[in-house]
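S.K.:
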Amino acid sequence: MLSIFYGIASAATWGAGDFLGGLATKRTSPYRVLFLGQLSGLMLFFILALITGETYPLLSDVLWAVVASLLGVAGLVFLYRALASGQMTIAAPVSALFSALIPVVFAIFTTGLPSATTLVGFLLAFLAVWLISQTDGINLRFSISDLRLPLTSGMFFGLYFIALHQATLHSFYWPVAASRVSGVLVLGLIALLGRQPAMPPREQWGIVILSGILDVTGNGFYALAARTGRLDVAAVLGALYPASTVLLAWIFLKEKVSTIQTIGILCAFAAIILFTL
């Protein structure tokens, strides 16, 4: 049950971070939002590591954290490219589904098959992600070329889930902070090569910092979910983050939640119940 709680918390905080990050990117470049967000997450977990007196991580854990960060940044780049191509109703769910599928396959080979109820929960969760991401009705019209960028993004995110889990097996705060260091360096290098400022406008700092804190907190909850339970269940629960984004948009922006999205949210709740059995 503790693992389920952490998994739900990861989806909730990831979705809230995406909601605030989406608001910020309406006024500035997504790379600037990511840079300050990564920096704020780094500072938070660096301070927590010092306060808790956590022992320094193994070199292998740091290397896994760096790999996780690079995979996560690559996943975001391909996802943004997919979203910018105009296939948003395809890009978001395909990326989220594939990102959850890879850890599921990995966990099956490393820890064995889960229970039958958990497998049914996986199917309901995958269906939930797809339905929640549909904004203009169910879109089943796409070509193979439409899937290239979302699948690539999902592949990087799925490998990110596995790498982050490996990085946090022995310690917690330091590896997450280390993953943010490499993310900041990569995004800073992108800004330098593009001769663009890395920081967003000052009036956006508050919302971007909060977005970054929520995002890194989601990473932390996911790592805890994977440590206290099965990796595949943690990844699938984390992939339900679009539900949090949709609900926040409904509450604060008064955006309409379609019947299809409502069904998706109900499927997500049903999946969670099955995971607890």
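Numbering of the sequence shown is given in our numbering, commencing with residue 346 and proceeding in unit increments.
Beta carbons: idealized from backbone N, C-alpha and C, even for Gly.
Model, not experiment: these values are computed from the prediction.
#1: For Q479, does the three-state DSSP call read helix, strand or coil?
#2: Could you name the residues of the same chain whose beta carbon sits closer than 7 Å to that of S385, not counting the 5 residues immediately before and after it, in chain order?
#3: Compute the Euclidean distance between the alpha carbons of S440 and L496, then round it to the nearest angstrom.
#4: Using the rule of at least 16 other Cβ atoms within 10 Å of the residue's Cβ for burial, across every protein chain shown, is H510 buried or exposed?
#5: With DSSP collapsed to three states, give me the class of M306.
#6: Just to confirm the assignment: which complete alpha helix (DSSP H) runs, minimum length 4, are found wholly within the region 347-433?
#7: Does the Cβ of F364 have 16 or more other Cβ atoms within 10 Å, making it buried, or fewer, making it exposed?
#8: What is the DSSP secondary structure of Q606, counted as helix, strand or coil?
#9: Note down the Cα distance separating M544 from W550, rounded to an integer number of angstroms.
#10: Less than 8 Å between the CB atoms is what I'm expecting for F380 and A536, so what's the real figure, rounded?
#11: Should the region 523-533 be regarded as contacting the region 463-483, the criterion being three or more beta carbon pairs within less than 8 Å?
#12: With a CB to CB cut of under 7 Å and the five nearest residues on each side skipped, what residues in its chain are close to Y376?
#13: For V450, count neighbouring C-beta atoms within 10 Å of its own C-beta (all shown protein chains included) and say buried if the count is 16 or more, exposed if not.
#14: I'd like the list of long-range same chain contacts for T463, defined as Cβ closer than 7 Å, with 5 residues on each side in sequence excluded.
#15: Which stretch, first to last residue, makes up the alpha helix (DSSP H) that contains L538?
#16: According to the neighbour-count rule (16 or more other Cβ atoms, all chains shown, within 10 Å of its Cβ), is T397 buried or exposed?
#17: Output needed for I507: all residues of its chain with C-beta closer than 8 Å, excluding positions within five of it in sequence on either side, in chain order.
#18: Using CA coordinates, which residue listed in L494, I610, P546 and D560 is at the minimum distance from A354?
#19: Please name the residue, chosen from T590, A570 and A394, that lies closest to L347 on a Cα-to-Cα basis.
#20: For R575, does the three-state DSSP call read helix, strand or coil?
#21: Please say whether A427 and A419 have beta carbons closer to each other than 8 Å?
#22: Can you have a look at T370 and say buried or exposed, based on whether 16 or more other CB atoms are within 10 angstroms of its CB?
#23: If you measure from the beta carbon of S460 to each beta carbon in chain C, is any gap under 8 Å?
#24: Residue range of the alpha helix (DSSP H) that P587 falls in?
#25: Under 8 Å, with one C-beta from each stretch per pair, do the region 605-616 and the region 581-591 reach the 3-pair mark?
#26: Let me make sure I understand the geometry here. Which of T456, T562, S498 and L395 has the alpha-carbon closest to that of S444?
#27: Would L504 and L416 be called neighbours here (beta carbons separated by less than 8 Å)?
M.R.: By the coordinates alone:
#1: coil
#2: Around S385: I554, G557 and I558.
#3: 6 Å
#4: buried
#5: Here the chain covers residues 346 to 622 and nothing more, so residue 306 does not appear.
#6: If one requires a minimum length of 4 residues, the alpha helix (DSSP H) runs lying completely within the region 347-433 are 347-369, 375-397 and 404-429, in chain order.
#7: With a 10 Å radius around the Cβ and a threshold of 16 neighbouring Cβ atoms, F364 comes out buried.
#8: helix
#9: 9 Å
#10: 7 Å
#11: no
#12: L532, I535 and A536
#13: exposed
#14: If you ignore the 5 residues before and after T463, its C-beta comes within less than 7 Å of the C-beta of V578, L619 and F620, all in its own chain and listed in chain order.
#15: Element bounds for L538: Y518 to L538.
#16: exposed
#17: Counting only Cβ-Cβ distances below 8 Å, and skipping sequence neighbours, we find I447, P448, F451 and L576.
#18: D560
#19: A570
#20: Looking at R575 - three-state DSSP - the assignment turns out to be coil, as it is neither helix nor strand.
#21: The answer is no: Cβ separation not under 8 Å.
#22: buried
#23: This model lacks chain C altogether; it includes just one protein chain.
#24: Looking at the DSSP string, the run of the alpha helix (DSSP H) that includes P587 is Y586 to F597.
#25: Enough Cβ pairs lie closer than 8 Å, so yes.
#26: S498
#27: yes
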